[in-house]
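J.:
Number of protein chains: 2
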Amino acid sequence: MVSSDLQELLHYVEEWGFFFDRWGLPRTAGRVWGWLSVCEPPEQSAQDLVEVLQVSKASISTNIRLLEGLGLVERASKPGARQGYYRLRADAFESIMRQRIGGVTQARVLAQRGIDLLGSGDPGRAKRLEATRDFYAFLEREMEVLLEHWRERRGREELVD
Amino acid sequence: MVSSDLQELLHYVEEWGFFFDRWGLPRTAGRVWGWLSVCEPPEQSAQDLVEVLQVSKASISTNIRLLEGLGLVERASKPGARQGYYRLRADAFESIMRQRIGGVTQARVLAQRGIDLLGSGDPGRAKRLEATRDFYAFLEREMEVLLEHWRERRGREELVD
DNA sequence: TCGTATATTCAGTATATATTGAACTGTAAG
DNA sequence: CTTACAGTTCAATATATACTGAATATACGA
Chain A
2 MVSSDLQELL HYVEEWGFFF DRWGLPRTAG RVWGWLSVCE PPEQSAQDLV EVLQVSKASI
62 STNIRLLEGL GLVERASKPG ARQGYYRLRA DAFESIMRQR IGGVTQARVL AQRGIDLLGS
122 GDPGRAKRLE ATRDFYAFLE REMEVLLEHW RERRGREELV D
Chain B
2 MVSSDLQELL HYVEEWGFFF DRWGLPRTAG RVWGWLSVCE PPEQSAQDLV EVLQVSKASI
62 STNIRLLEGL GLVERASKPG ARQGYYRLRA DAFESIMRQR IGGVTQARVL AQRGIDLLGS
122 GDPGRAKRLE ATRDFYAFLE REMEVLLEHW RERRGREELV D
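As given, the protein sequences belong to chains A and B, one line each in that order.
If you read the first sequence in the numbering used here, its first letter stands for residue 2, the second for the next number, and so on.
If you read the second sequence in the numbering used here, its first letter stands for residue 2, the second for the next number, and so on.
1) How far does the beta strand (DSSP E) with A:V74 in it extend, from its first residue to its last?
2) Where does B:A48 land, buried or exposed, given buried means 16+ other C-beta within 10 angstroms?
3) List, from N- to C-terminal side, the beta strand (DSSP E) runs of 3 residues or more that fit wholly inside the stretch 13-81 of chain A.
4) What does DSSP give as the partner residues of B:R88 in its beta bridges?
5) Between A:D123 and chain B, is the shortest Cβ-Cβ distance under 9 Å, so that the two count as touching?
6) Among A:K79, A:Y13 and A:D22, whose alpha-carbon lies nearest the alpha-carbon of A:L54?
7) Identify whether A:G156 lies in helix, strand or coil by the three-state DSSP scheme.
8) Does A:V3 have its Cβ less than 9 Å from a Cβ in chain B?
9) From what residue to what residue does the alpha helix (DSSP H) around B:D117 run?
10) Helix, strand or coil for A:V3 per DSSP?
11) Establish whether the CB of A:Q107 and some CB of chain B are separated by less than 9 Å.
12) Taking 8 Å as the cut-off, does the stretch 19-36 of chain B touch the stretch 64-83 of chain B (at least 3 CB pairs, one atom from each stretch)?
13) Give a yes or no on whether the minimum CB-CB distance between A:T29 and chain B is below 9 Å.
14) Distance check for B:V105 and B:L140, CA to CA, integer angstroms please.
15) Going by C-alpha distance, which of B:E41, B:W36 and B:P42 is nearest B:V51?
16) Buried or exposed, going by whether 16 or more other CB atoms sit within 10 Å of the CB of B:Q8?
17) Taking all protein chains shown into account, do 16 or more other C-beta atoms lie within 10 angstroms of the C-beta of B:E41, making it buried, or fewer, making it exposed?
18) Rounding to the nearest angstrom, what Cα-Cα distance links B:Q107 and A:G122 in this structure?
19) Under 8 Å from any heavy atom of the ligand NAD, does the C-beta of B:L148 make it?
20) Taking DSSP as the reference, what is the three-state secondary structure of A:R126?
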């Protein structure tokens, strides 16, 4: 290892915390993601996370569950081991894409609801919302295609690994 | 207008507030965006926004500036009029795409920094971060393509309008 | 140049939410 | 069955940030 003592790693992990923060997710969720990205071994117990990240086990529990719900992290119970272990999911990025597509869908639906609300009485007034809906509909379709391309690519790479 | 009294509109506007909220942006910024999406005329003064949205002019000022910064809203000073007017930008969606691409770039850079930090001493350990970087690099490239397609599409539509 | 309307800034407050310690639940070993 | 530990839940706290009212700055018209 060239220059990655624990101090540096934790500082780096903190940056993932900030990144999640700007995304509207708890900072600690980002710290967990960050740590699980660099730790050795890749599987860590809740206790490990409590100790290295210096946060309460309550917060670890909550944020692990959040990350599980987002499809970014999974439980990996080692046979014979008392506690559970956690690690990044191999298909985490598909989940991230799905999250994003979901957000886009919500925006499209919201725009459509506005169009319906304005009704047909005042033609032209809904033009702005139609533009919004069209944009998100476009984005939604294209991101689905992107996700499919990513899946294909991952499939090819797995054969190589 | 079929069924869009002010009450219903404001409730709808509020939903944009929630939407922005989940995006990590101030709720009031979402309310302004929402109102500017449905109001008549499309240009509104800060005073208009204060009255209809029932928030302080300080908050309107702050959030208008935020939306300007994001490239979603623009000033439209009417000739001869004292106050400025605000409206949605026609190219707001390009800005939204740029924002998103920017976020993706940050993630890619952050992953790369982690790879550099781990160094070459422990081959295989950086595999997770490499996967992260590769995903975001993929997404970054593809979203640039998407943005270009959107621009082309908008260009064609403008000729029709 | 002065006066007035409009817009911004800022310190203080309110609000929302992430985090914590402690209590509780479930589970597996002894 | 009992004990010990992992994990969750919950009420209380800490923290961050959005919002407000008041003061200040800016620009425009008389």
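Here a beta-carbon is modelled for each residue, glycine too, at the ideal position from N, C-alpha and C.
Treat the numbers as computed from the prediction; the structure is a model and nothing was measured.
T.: In this structure, then:
1) V74 to R76
2) The sequence shown places Gln at residue 48 of chain B, rather than the Ala named in the question. B:Q48 should be labelled exposed.
3) 74-76
4) B:E75
5) yes
6) A:Y13
7) helix
8) Caution applies to A:V3, whose pLDDT of 49 falls short of 50 and renders its modelled position unreliable; the model cannot decide the point.
9) A93 to L119
10) Any answer about A:V3 is weak, because its pLDDT of 49 lies below 50 and its placement is not dependable; what the coordinates show is given next. Of the three classes helix, strand and coil, the one that applies to A:V3 here is coil, per DSSP.
11) yes
12) yes
13) no
14) 7 Å
15) B:W36
16) exposed
17) exposed
18) 45 Å
19) Looking for the ligand NAD in the displayed structure turns up nothing, as the structure carries no ligands at all.
20) coil
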